[in-house]
Amino acid sequence: MSRPSRVAAPAPAAAPVLAADGVTVGYRDRTILEGLSLPVEAGTITALVGPNGSGKSTLLGALARVLRPRRGAVLLDGASLAELGSRQVARRLALLPQSATVPAGATAWEVVEQGRFPQRGAWSMLRRADDPVVAQALAVTGIEHLAHRRVAELSGGERQRVWIAMAVAQQTDLLLLDEPTTFLDVRHQLDLMRLVGTLRERGVTIVMVLHDLNQAARYADRVVALRDGAVVADGAPADVVTPALLADVFGIDAVVTPDPVSGRPHFHAR
Amino acid sequence: MSAVRPAPARTVGPVRGVVGVVGLLVATALVVLALVAAHLFVGRSELSAGDVASVLVGRPRQEAYEIIVLRLRLPRVLVGLGAGALLAVSGVLVQAVVRNPLAEPATTGVGSGAAFAVVLSLLVAPGHDLVPLAALVGAVAAGAVLLLVGRRSLALTGILVGAVFAALTSFALVVDSAPMGTVLRWLVGSLNARTTGDWQALWPWLALVPVAWLLASTTNAWALGAPTAVGLGVRPRLTPAVVLGVAVLAAAAAITAAGAVAFVGLVAPHVARLLVGPDHRRLVPVAAVLGAVLLSAADLVAFSVSVQLPGTGPDVSGVPVGAVTALVGAPLLVHLVRKGAAR
Amino acid sequence: MPVVVAGFLGVVALLVAAVCLGEPRLSPAAALRALTDADHPAYVALTQARLPRAVLGLLAGAALGLSGLLLQDVLRNEVAGPELLGVSAGAAVVTATVVVLGLAVPLAALPYLALLGALVAGALVLAAIGGTRDPAHVVLVGAAVAAACSGLVVAVVGLGTEGNVVVLFRYLLGSLGARGWAHVEVVAPWVLVATVVAVVLRRRVAALALGDEVATGLGVPVVRTRLLALLVAAVLAAAVASVCGPIAYVALLAPHVARRLVGSTGTGRVLLPTLLVGAALLMAADLVARLVLYPVEVPVGVATTLVGVPALLWALRR
Numbered sequence: 001m002s003r004p005s006r007v008a009a010p011a012p013a014a015a016p017v018l019a020a021d022g023v024t025v026g027y028r029d030r031t032i033l034e035g036l037s038l039p040v041e042a043g044t045i046t047a048l049v050g051p052n053g054s055g056k057s058t059l060l061g062a063l064a065r066v067l068r069p070r071r072g073a074v075l076l077d078g079a080s081l082a083e084l085g086s087r088q089v090a091r092r093l094a095l096l097p098q099s100a101t102v103p104a105g106a107t108a109w110e111v112v113e114q115g116r117f118p119q120r121g122a123w124s125m126l127r128r129a130d131d132p133v134v135a136q137a138l139a140v141t142g143i144e145h146l147a148h149r150r151v152a153e154l155s156g157g158e159r160q161r162v163w164i165a166m167a168v169a170q171q172t173d174l175l176l177l178d179e180p181t182t183f184l185d186v187r188h189q190l191d192l193m194r195l196v197g198t199l200r201e202r203g204v205t206i207v208m209v210l211h212d213l214n215q216a217a218r219y220a221d222r223v224v225a226l227r228d229g230a231v232v233a234d235g236a237p238a239d240v241v242t243p244a245l246l247a248d249v250f251g252i253d254a255v256v257t258p259d260p261v262s263g264r265p266h267f268h269a270r
Numbered sequence: 001m002s003a004v005r006p007a008p009a010r011t012v013g014p015v016r017g018v019v020g021v022v023g024l025l026v027a028t029a030l031v032v033l034a035l036v037a038a039h040l041f042v043g044r045s046e047l048s049a050g051d052v053a054s055v056l057v058g059r060p061r062q063e064a065y066e067i068i069v070l071r072l073r074l075p076r077v078l079v080g081l082g083a084g085a086l087l088a089v090s091g092v093l094v095q096a097v098v099r100n101p102l103a104e105p106a107t108t109g110v111g112s113g114a115a116f117a118v119v120l121s122l123l124v125a126p127g128h129d130l131v132p133l134a135a136l137v138g139a140v141a142a143g144a145v146l147l148l149v150g151r152r153s154l155a156l157t158g159i160l161v162g163a164v165f166a167a168l169t170s171f172a173l174v175v176d177s178a179p180m181g182t183v184l185r186w187l188v189g190s191l192n193a194r195t196t197g198d199w200q201a202l203w204p205w206l207a208l209v210p211v212a213w214l215l216a217s218t219t220n221a222w223a224l225g226a227p228t229a230v231g232l233g234v235r236p237r238l239t240p241a242v243v244l245g246v247a248v249l250a251a252a253a254a255i256t257a258a259g260a261v262a263f264v265g266l267v268a269p270h271v272a273r274l275l276v277g278p279d280h281r282r283l284v285p286v287a288a289v290l291g292a293v294l295l296s297a298a299d300l301v302a303f304s305v306s307v308q309l310p311g312t313g314p315d316v317s318g319v320p321v322g323a324v325t326a327l328v329g330a331p332l333l334v335h336l337v338r339k340g341a342a343r
Numbered sequence: 001m002p003v004v005v006a007g008f009l010g011v012v013a014l015l016v017a018a019v020c021l022g023e024p025r026l027s028p029a030a031a032l033r034a035l036t037d038a039d040h041p042a043y044v045a046l047t048q049a050r051l052p053r054a055v056l057g058l059l060a061g062a063a064l065g066l067s068g069l070l071l072q073d074v075l076r077n078e079v080a081g082p083e084l085l086g087v088s089a090g091a092a093v094v095t096a097t098v099v100v101l102g103l104a105v106p107l108a109a110l111p112y113l114a115l116l117g118a119l120v121a122g123a124l125v126l127a128a129i130g131g132t133r134d135p136a137h138v139v140l141v142g143a144a145v146a147a148a149c150s151g152l153v154v155a156v157v158g159l160g161t162e163g164n165v166v167v168l169f170r171y172l173l174g175s176l177g178a179r180g181w182a183h184v185e186v187v188a189p190w191v192l193v194a195t196v197v198a199v200v201l202r203r204r205v206a207a208l209a210l211g212d213e214v215a216t217g218l219g220v221p222v223v224r225t226r227l228l229a230l231l232v233a234a235v236l237a238a239a240v241a242s243v244c245g246p247i248a249y250v251a252l253l254a255p256h257v258a259r260r261l262v263g264s265t266g267t268g269r270v271l272l273p274t275l276l277v278g279a280a281l282l283m284a285a286d287l288v289a290r291l292v293l294y295p296v297e298v299p300v301g302v303a304t305t306l307v308g309v310p311a312l313l314w315a316l317r318r
């Protein structure tokens with residue numbers, strides 16, 4: 001493994017808290033991302049968008065070190081993830097994957113408690129000291145009343161909030177979400193996006209993959225559009241969600257109007 | 001933000017809270033004591049309760065009584081308890097790694113690996129008693145093969161690796177069928193004629209039970225699926241290797257002492273999960289004591305039947321405990337099936 | 001079609017080899033003379049041992065391949081096979097019990113009893129699998145049932161004779177040794193009937209492979225088709241197991257090989273190649289088992305396992 005020695009790309013005002021630095025990622029013989037760089041600034045919400053197969057989930061996986069880059073590195077405060085301890089990273093960076101296994105019979109409390117693993121480590125048991133953190137994570141996500149219910153018996157929206165609570169209990173300053181709204185109804189999608197906003201106000205940096213472009217435009221500070229494994233647009237929602245980009249990236253003919261509530265761009269397909 | 005009281009009952013099983021788990025462990029410990037007593041007092045030799053008690057208090061009425069109770073009966077029950085606990089713990093860990101409650105120690109192919117090594121040792125060096133060593137080496141080797149080959153599906157690979165070792169065993173027996181009887185007893189699993197030496201070889205391995213318990217946090221995190229576990233800082237290659245390694249060693253030790261007894265490693269974790277839920281902090285100790293109880297109780301049945309049956313006895317030729325667990329295991333399996341269908 | 005022709009030629013070649021090779025070893029021409037001349041010194045060996053054995057291998061291999069194909073397509077599971085679904089083991093328990101305990105059951109009735117064992121074990125596994133398609137889950141349930149069954153077989157064998165090697169191998173591993181025309185006659189009708197049923201069912205099974213909803217949409221009676229196909233698969237495996245014991249990994253492997261050769265996964269297109277591949281696999285394995293340690297005979301189940309497992313791992317690799 002050669003460690004990339006190149007200097008970080010032309011730096012934005014603040015040093016990025018998390019950055020993909022020329023990463024090449026793939027599965028077996030297929031390369032998905034090639035030499036891609038993406039710095040993420042602290043305290044922002046970044047949305048990754050793009051058509052199916054554009055590499056946005058792969059990028060998130062690389063940022064969350066679920067996928068290991070073949071070349072390049074993911075830098076956390078300038079240090080390569082590959083060289084940091086696994087739990088050391090987990091204390092800084094939490095991931096909400098698209099699919100997770102629910103152990104048969106596990107309660108919401110038991111699952112959320114797992115978020116304390118990075119703090120406690122492989123060989124020690126959880127302590128009473130972790131209980132308030134777990135309770136608070138349940139409260140923040142609004143599922144205190146479900147604490148002692150079996151996760152397998154919860155609805156899709158409730159279950160998703162259990163997983164988010166687990167990530168919250170990890171008490172990290174970075175949170176990566178992979179299509180967090182996919183299985184949720186409109187109301188729960190709204191709740192979730194507001195929760196993301198609340199976390200950002202507490203100083204958490206958020207990167208999420210979103211399918212719904214309007215959602216991305218409305219809630220993110222920055223929208224990054226990918227196509228064929230490369231970044232094709234990157235900037236404030238108003239600069240990215242434009243008819244030209246929609247035509248270019250998604251191949252749709254659309255008009256973009258300001259959202260009457262938020263003033264953010266909102267697209268309508270013709 | 002409202003403060004949430006961490007409610008005392010965090011499990012959903014019938015046994016709740018630390019008090020419940022400790023109570024359960026104490027209750028099972030009493031059952032273990034009862035089993036030990038039963039094993040010591042029941043046997044072919046006509047010893048009265050007083051005779052046995054005289055040995056236990058250190059003043060045997062006859063020297064022969066001491067040999068019968070302490071050298072014949074006691075090692076057998078101790079080996080049964082220890083092997084049962086190790087099999088159950090191994091089952092818990094294998095199920096955790098594979099993330100499937102139907103996995104068991106045999107899923108890793110260690111039993112077949114041990115059997116093959118035993119056959120080889122009997123063929124190559126028939127005079128020397130290399131059986132325990134060979135069993136240990138064979139079981140560990142099968143586990144190593146699984147770790148090397150089984151990247152994608154540990155369960156499938158383990159069963160296939162086990163099938164290869166079973167075929168190799170048969171192949172060796174075709175060449176020379178002399179070890180047939182020994183191997184048959186091995187494949188079924190038997191506690192007949194265990195000695196103090198067997199117990200002395202087994203008990204240090206019981207240290208794997210606390211090791212498995214210390215791994216509880218990791219196995220709990222691993223149970224959430226690979227991406228989630230990685231997100232929590234679990235190392236995706238090292239963790240399954242370590243957990244599986246402990247499981248293989250525990251199974252190897254148990255198999256060395258008692259043979260490839262079926263179903264204890266499947267049923268004990270399952271019953272434990274029904275009682276205390278899926279959290280390994282509780283699951284490991286509860287499954288361990290349940291496994292000990294199950295194997296020892298099944299052995300009591302096998303032993304009693306052997307004493308009754310004409311032509312057999314509590315010696316090597318007696319009914320093997322594995323036959324009892326297989327017969328009891330089948331209905332339990334049906335129960336698991338019905339539960340699976342209901343879910 | 002070239003695959004079918006090649007497969008057919010391969011099976012014929014194996015048939016010739018099975019008749020010619022061994023002790024005494026004959027040239028094909030000499031073998032033909034021996035087969036037609038009742039006074040030839042090798043006549044009895046060829047007509048009463050080698051030929052029936054080869055034909056039995058052909059039939060049993062084809063039956064196992066077909067059984068695996070039906071199970072895999074109907075259950076939409078790439079690791080479905082009678083050996084991993086407990087079907088073979090269930091049949092073996094019944095057969096071993098009958099034979100070892102010397103119960104007065106005529107040879108021709110054995111398949112019926114074996115079928116009963118196969119169906120009970122298979123039903124148990126299928127009920128436990130439920131709707132899941134996770135290969136690991138299927139394998140684990142099958143392994144648990146198979147473990148119970150082989151525990152019973154070992155117990156039964158232990159009860160009977162003093163560790164009779166032949167008996168154990170016959171019912172734990174499967175063997176084609178010491179089989180005659182009587183055994184062929186037992187298996188043949190089952191295999192022929194089941195093959196005809198499978199041919200009739202092939203389009204419906206192919207529809208099932210696309211999923212229950214799609215199949216229903218196409219007008220296929222889902223439950224009835226699945227039950228019938230499973231029954232046929234169990235019948236095939238049980239018939240083979242009643243005569244040869246549970247020969248492993250032919251049923252599991254043959255459909256995978258056939259699909260790769262044909263370059264298709266359609267039940268109809270793969271059916272005939274699967275029959276041929278299954279037959280060729282078992283006949284080749286039996287040839288190896290018979291000759292490799294001559295005069296000692298290796299149970300053919302050992303050969304199929306040692307070849308089948310690596311091949312299966314290769315076929316399933318992603």
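Residue numbers (the UniProt record's numbering), protein chains in the order written: chain A, 1 to 270; chain B, 1 to 343; chain C, 1 to 318. Backbone N, C-alpha and C define an ideal beta-carbon position, used for all residues, glycine too. In this text, all values refer to a predicted model and were calculated from it rather than measured experimentally.
- prompt: When the Cα atoms are used, what is the spatial distance from L175 (chain A) to I252 (chain A)?
  reply: Counted from its first residue, the first sequence places residue 175 (chain A) at position 175. Counted from its first residue, the first sequence places residue 252 (chain A) at position 252. The alpha-carbon atoms of L175 (chain A) and I252 (chain A) are separated by roughly 31 angstroms.
message: V243 (chain B) and L93 (chain B) - do their beta-carbons sit closer together than 7 angstroms?
response: Translated into positions along the second sequence, residue 93 (chain B) becomes position 93. Translated into positions along the second sequence, residue 243 (chain B) becomes position 243. Their beta carbons are under 7 angstroms apart, which means L93 (chain B) touches V243 (chain B) by this criterion.
message: Taking CB distances under 7 angstroms as the criterion, tell me whether A90 (chain A) reaches chain B.
response: In the first sequence, counting from the first residue as 1, residue 90 (chain A) sits at position 90. Judged by the 7 angstroms Cβ criterion, A90 (chain A) is in contact with chain B.
message: At the level of alpha carbons, what is the spacing between V205 (chain C) and G117 (chain C)?
response: Stepping through the third sequence from its first residue, residue 205 (chain C) is reached at position 205. Stepping through the third sequence from its first residue, residue 117 (chain C) is reached at position 117. The straight-line gap from Cα to Cα measures roughly 25 angstroms.
- request: Look up Y27 (chain A) in the DSSP assignment and say whether it is helix, strand or coil.
  value: Numbered from its first residue, the first sequence carries residue 27 (chain A) at position 27. In the structure shown, Y27 (chain A) sits in a strand (DSSP, three-state: E or B).
- prompt: Mapping DSSP to helix, strand and coil, what is A34 (chain A)?
  reply: Counting from 1 along the first sequence, the entry for residue 34 (chain A) is found at position 34. Ala is not the amino acid found at residue 34 (chain A); the sequence shown has Glu there. Note: E34 (chain A) maps to strand in three-state DSSP.
query: How long is the line joining the alpha carbons of H270 (chain B) and V292 (chain C), rounded to whole angstroms?
result: Position 270 of the second sequence holds residue 270 (chain B). Position 292 of the third sequence holds residue 292 (chain C). One C-alpha to the other measures close to 45 angstroms.
task: Report, in whole angstroms, the separation of the C-beta atoms of A262 (chain B) and A147 (chain C), which I expect to be a contact under 8 angstroms.
output: Residue 262 (chain B) sits at position 262 when you count from the first residue of the second sequence. Residue 147 (chain C) sits at position 147 when you count from the first residue of the third sequence. That pair is a contact at about 5 angstroms.
field: Partners in chain C for I159 (chain B), counting only beta-carbon separations shorter than 7 angstroms
entry: Taking the first residue of the second sequence as 1, we reach residue 159 (chain B) at position 159. Under the 7 angstroms cutoff, chain C gives V139 and A143.
- prompt: Between G109 (chain B) and A141 (chain B), is the Cβ-Cβ spacing less than 7 angstroms?
  reply: By one-based count along the second sequence, residue 109 (chain B) stands at place 109. By one-based count along the second sequence, residue 141 (chain B) stands at place 141. Cβ atoms of G109 (chain B) and A141 (chain B): not closer than 7 angstroms.
message: Taking DSSP's pairing of strands, which residues face A225 (chain A) in a bridge?
response: By one-based count along the first sequence, residue 225 (chain A) stands at place 225. A:V49 and A:A233.
message: Is the separation between the beta-carbon of G61 (chain C) and that of G142 (chain C) shorter than 7 angstroms?
response: Residue mapping note: residue 61 (chain C) aligns to position 61 of the third sequence, counting from 1. Residue mapping note: residue 142 (chain C) aligns to position 142 of the third sequence, counting from 1. Contact: no.
query: What does A163 (chain B) reach in chain C if we use C-beta pairs closer than 7 angstroms?
result: For this step, residue 163 (chain B) is matched to residue 163 along the second sequence. The answer, in chain order, is A248, T305 and V309.
query: D77 (chain A) lies in the beta strand (DSSP E); which residues open and close that run?
result: As a position in the first sequence, residue 77 (chain A) is number 77, starting the count at 1. No beta strand (DSSP E) holds D77 (chain A); DSSP gives it neither H nor E.
- prompt: Is there a Cβ from chain A that is less than 7 angstroms from the Cβ of P240 (chain B)?
  reply: As a position in the second sequence, residue 240 (chain B) is number 240, starting the count at 1. P240 (chain B) does not count as touching chain A.
message: For a contact defined as C-beta to C-beta under 8 angstroms, what are the partners of R76 (chain B) on chain A?
response: Along the second sequence, read from residue 1 onward, the residue named residue 76 (chain B) stands at position 76. Within chain A, no residue has its beta carbon less than 8 angstroms from that of R76 (chain B); the closest one is some 35 angstroms off.
field: Minimum C-alpha distance to L228 (chain C) - residue among C:S175, C:V139 and C:L119
entry: In the third sequence, counting from the first residue as 1, residue 228 (chain C) sits at position 228. Comparing Cα positions, the closest option is C:L119.
- request: Measure the C-alpha to C-alpha separation of V52 (chain B) and S296 (chain B) and round it to an integer number of angstroms.
  value: Your numbering for residue 52 (chain B) matches position 52 in the second sequence. Your numbering for residue 296 (chain B) matches position 296 in the second sequence. If I take the Cα positions, the gap works out to 19 angstroms.
- request: Tell me whether F263 (chain B) sits in a helix, a strand or coil according to DSSP, three-state version.
  value: Residue 263 (chain B) sits at position 263 when you count from the first residue of the second sequence. Correct three-state label for F263 (chain B): coil.
- request: Check the DSSP bridge columns for D178 (chain A) and list the partner residues they point to.
  value: Reading the first sequence from its first residue, position 178 is the one you call residue 178 (chain A). A:V209, per the DSSP bridge assignment.
task: Identify every residue that forms a DSSP beta bridge with T107 (chain A).
output: Against the first sequence, residue 107 (chain A) aligns to sequence position 107. Note: T107 (chain A) sits in a beta bridge opposite A:R150.
message: Taking beta-carbon pairs under 9 angstroms, can you tell me which members of the segment 104–120 of chain B lie near chain C?
response: E104, A106 and T107
message: Against chain A, does S190 (chain B) count as a neighbour if the rule is that its beta carbon must be under 7 angstroms from one of theirs?
response: Reading the second sequence from its first residue, position 190 is the one you call residue 190 (chain B). No, its Cβ sits nowhere closer than 7 angstroms to a Cβ of chain A.
- prompt: In this structure, does DSSP put A94 (chain A) in helix, strand or coil?
  reply: Within the first sequence, numbered from 1, the residue matching residue 94 (chain A) stands at position 94. A94 (chain A) falls in the strand class under three-state DSSP.
query: At a Cβ cut of 9 angstroms, what residues of the segment 264–284 of chain B count as close to chain C, listed as they run along the chain?
result: Under the 9 angstroms Cβ criterion, the segment 264–284 of chain B contributes L266.
Where A285 (chain C) meets chain B, residues with beta-carbon distance less than 9 angstroms: Here the question's residue 285 (chain C) lines up with position 285 in the third sequence. At a beta-carbon threshold of 9 angstroms, none of the residues of chain B lie near A285 (chain C); the nearest stands roughly 11 angstroms away.
Beta-ladder partner(s) of residue 272 (chain A), from DSSP: Summary: the structure shown does not reach residue 272 (chain A), with chain A confined to residues 1 through 270, and so no result is reported for it.
query: To the nearest angstrom, how far is it from the Cα of A7 (chain B) to the Cα of E110 (chain A)?
result: In the second sequence, the residue the question calls residue 7 (chain B) occupies position 7. In the first sequence, the residue the question calls residue 110 (chain A) occupies position 110. Unreliable placement is indicated for A7 (chain B), whose pLDDT of 42 sits below 50; the coordinate value is still reported in the next sentence. Rounded to whole angstroms, A7 (chain B) to E110 (chain A) spans 12 angstroms at the Cα level.
Selected residue, minimal CA-CA separation from L236 (chain C), among C:L272, C:V98, C:L71 and C:V302: Taking the first residue of the third sequence as position 1, residue 236 (chain C) is located at position 236. Considering only alpha carbons, the answer is C:L71.
message: Under 9 angstroms, CB to CB, which of the residues in the segment 96–111 of chain A have a partner in chain B?
response: L96, P97, Q98, S99, A100, T101, V102, P103, A104, G105, A106, T107, W109, E110 and V111
- request: Report the three-state DSSP secondary structure of D185 (chain A) (helix, strand or coil).
  value: Walking along the first sequence from the start, residue 185 (chain A) turns up at place 185. In the structure shown, D185 (chain A) sits in coil (DSSP, three-state: anything other than H, G, I, E or B).
message: Tell me whether the segment 137–144 of chain A and the segment 161–179 of chain A touch, counting them as touching only if at least three CB pairs, one residue from each stretch, are closer than 8 angstroms.
response: Two segments are said to touch when three or more pairs of C-beta atoms, one from each, lie closer than 8 angstroms; by this definition the segment 137–144 of chain A touches the segment 161–179 of chain A.
- prompt: Ends of the alpha helix (DSSP H) at H183 (chain C)?
  reply: Within the third sequence, numbered from 1, the residue matching residue 183 (chain C) stands at position 183. Segment W181 to L208, the alpha helix (DSSP H) holding H183 (chain C).
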